[in-house]
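Before any comments, here is the structure.
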Amino acid sequence: MTEPLVRRSDEIEYESVDAADGLEKGVLVSDDHGAPHFAIRRFVLEPGAEVPKHTNDVEHEQYVLDGEYTVGIGDEEYAVEPGDSLLIPAGTVHWYRNEGDEPGAFLCAVPNGNDEIELLE
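Residue numbering for the sequence shown follows full-length UniProt numbering, starting at 1 and increasing by one per position.
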């Protein structure tokens with residue numbers, strides 16, 4: 001049986017993401033914390049940061065918290081802002097670029113398990 005969990009913001013550790021300079025990830029809840037099916041992560045995309053084209057083995061559902069930045073999904077580009085939601089299906093080419101003066105931040109929900117990333121550039 002799954003136990004309830006509350007994690008406080010000061011418990012979240014953020015790490016740089018190897019795939020891009022200026023991108024940090026904090027794991028909010030995952031299987032390491034007893035979540036049986038999904039992980040929720042918070043990413044911060046610093047001003048001027050770019051995440052190169054890549055694919056992931058699992059789908060991503062994202063919710064924009066802060067800032068305005070550009071997301072490429074397949075052959076399309078989208079300017080996103082707080083309150084926007086995204087679905088990036090497994091295996092879909094996508095990338096990020098923050099040309100603004102403020103950090104961008106988003107929540108990203110993924111199924112638990114291995115989330116292999118393949119850089120395309």
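Every residue gets a Cβ at the ideal spot worked out from N, C-alpha and C, and that includes glycine.
As the structure is a computational prediction, the values presented were derived from the model and not from experiment.
Where residue i sits in the DSSP three-state scheme
i, result
"S16", "strand"
"S30", "coil"
"V66", "According to the sequence provided, residue 66 is Asp. The question's Val does not apply to it. Looking at D66 - three-state DSSP - the assignment turns out to be strand."
"E76", "strand"
"E116", "coil"
"E61", "strand"
Limits of the unbroken beta strand (DSSP E) element including residue i
i, result
"N56", "E50 to N56"
"T70", "Y69 to I73"
"H94", "H94 to R97"
"P111", "G104 to P111"
"L45", "F38 to L45"
Buried or exposed (CB count within 10 angstroms, at least 16 for buried), residue i
i, result
"N98", "buried"
"Y78", "exposed"
"G113", "exposed"
"A20", "buried"
"L5", "exposed"
ask   = Is the stretch 23 to 43 close to the stretch 83 to 93, with three or more CB pairs under 8 Å?
value = These segments do not touch.
task = Take every Cβ of the stretch 8 to 17, pair it with every Cβ of the stretch 59 to 72, and state whether three or more of those distances are shorter than 8 Å.
result = Touching, no.
request  = Count the CB pairs spanning the stretch 49 to 56 and the stretch 31 to 39 that are closer than 8 Å, and state whether there are at least three.
outcome  = These segments do not touch.
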